[in-house]
Each structure stands twice: as C-alpha cells, then as structure tokens.
Amino acid sequence: LDRVASIIDVEETSNAGIILMWKAASGYALHHPLGVGYANFVVTLSLTGQDMSFDQAASQENKLYQLPQRYVTAHSLYLQLLVELSILGLGLFGLLWLAFFRHIWLYLQRATMSVESVFMATAAVVFVWFLAYSVFDVTWLNDKILLYTFVIFALVRVVILQDQNSIKQNGR
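The opening residue of the sequence shown carries number 2 in this note's numbering; numbering runs sequentially from there.
In structure tokens, the structure reads:
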C-alpha cells in the first residue's frame, strides 16, 4: 500500500521530477514548434540555458536522476514525440494508430472465431494498453520493443491481406 500511495504522491521525488520534466518538455515544445529532430531530446535539457550540441548536452550529468543527460527522457512518449517531431509528427503517429485500429476493427467485424481473430483482438488490446502506458513512459522507443511492435504490425498486415484475398476469391 505504501508503494501505491507513492505513485500518486506528487511530492515524492520521482513524481516531482516527472512533473518538472513534463513542464519543461511542454514549454520547450511551445517555443520550438518545429521540433528538434528524432532522438535529439537531449538537446532540450541544457543545464546552462544555452544552445548546445548533442554531444555537449548528452555528456552533462543530470543531478535529479543521477544519470548522464543522454539517458533522460520526457517520461511521456507523446511529449517526447511532440518535442522531437513537432505537432505534425505527433499527429502522424496518431493517424498511424487510428488506421491500425480501424483495420483490426473491420477485420474483427467479419471474422469468425479463429486463431487469427484471437491474435488480432489480442494485438489490439495489448496496443491499447501500451498506448495508455506511454502517457508515463517512452518504453516504445527501446529498440527491442520497437522491433516486436513492427513484427506484430507485419503479422497483422498478413492476416488482413489473407482476409482480403479470401473475400476476393469467395465473394464474401
């Protein structure tokens, strides 16, 4: 119960740090509407307030997290994308997911109970959970997690293409 209480305590050190990071990232995004470029979030963390190169900013130590700046994130995938890729990049990310879920929804409306339909429904539930979790973390930018995501995208696409071919052949 103490751990649960610490999660919602905004005075707790980790939570206070996350809130500070969200404020800083939001402010940076407002003042730099074109973004800083993919994987360049670290340049927004300059401790001196001056513009720095990636290497200069990445090598500074973040006292709050006791880490080099290169490992510090916005603690929100959506803020990270907003800062790095601008509102346009964040919007395209949203459109990708809308299209993904639309295709799964259309497939599931026609599908009968099968291994493929269970896979599709499971993929949808997992990605909804992951998108919700991404409000608080940037785990998706981990190379292994991103690889698994693209593999699942490919498998979903294969199932959808097989279904579309079946519809064409059977006139379903």
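Beta carbons are placed, not taken as given, at the ideal position from N, Cα and C, and that holds for glycine. Keep in mind that this is a model prediction, so the values were computed, not measured.
1) Valine 43 and glutamine 70 look like a contact to me (Cβ under 8 Å); what is the Cβ gap, rounded to whole Å?
2) For aspartate 59, which of Ala40, Ser77 and Asp138 has the nearest alpha-carbon?
3) Under 8 Å: do the stretch 139-148 and the stretch 89-109 share three or more Cβ pairs, one atom per stretch?
4) Quick one: Cα of glutamine 110 to Cα of phenylalanine 154, how far?
5) State the Cα-Cα distance for the pair lysine 24 and isoleucine 161, rounded to the nearest angstrom.
6) If distances are taken between C-alpha atoms only, which option among Leu99, Gln165, Ile105 and His33 comes closest to leucine 86?
7) Would tyrosine 79 and serine 135 be called neighbours here (beta carbons separated by less than 8 Å)?
8) Quick one: residues in its chain with C-beta nearer than 6 Å to the C-beta of alanine 30, no 5 flanking neighbours on either side, listed in chain order?
Considering the structure as presented:
1) Here residue 43 corresponds to residue number 42 of the sequence shown, with the count starting at 1. Here residue 70 corresponds to residue number 69 of the sequence shown, with the count starting at 1. Yes, valine 43 and glutamine 70 are in contact; Cβ-Cβ is about 5 Å, under 8 Å.
2) One-based indexing of the sequence shown puts residue 59 at position 58. Looking at the sequence shown, residue 59 is not aspartate but alanine. Comparing Cα-Cα distances from alanine 59 to each of Ala40, Ser77 and Asp138, the minimum goes to Ala40.
3) no
4) Taking the sequence shown and counting its residues from 1, the one referred to as residue 110 is at position 109. Taking the sequence shown and counting its residues from 1, the one referred to as residue 154 is at position 153. Going from the Cα of glutamine 110 to the Cα of phenylalanine 154 covers about 19 Å.
5) Taking the first residue of the sequence shown as 1, we reach residue 24 at position 23. Taking the first residue of the sequence shown as 1, we reach residue 161 at position 160. Those two C-alpha atoms are separated by around 41 Å.
6) Against the sequence shown, residue 86 aligns to sequence position 85. Here the closest residue by C-alpha is His33.
7) Translated into the one-based positions of the sequence shown, residue 79 becomes position 78. Translated into the one-based positions of the sequence shown, residue 135 becomes position 134. Taking 8 Å as the Cβ cut-off, tyrosine 79 and serine 135 qualify as a contacting pair.
8) Your numbering for residue 30 matches position 29 in the sequence shown. Result list for alanine 30: Leu83 and Val84, in chain order.
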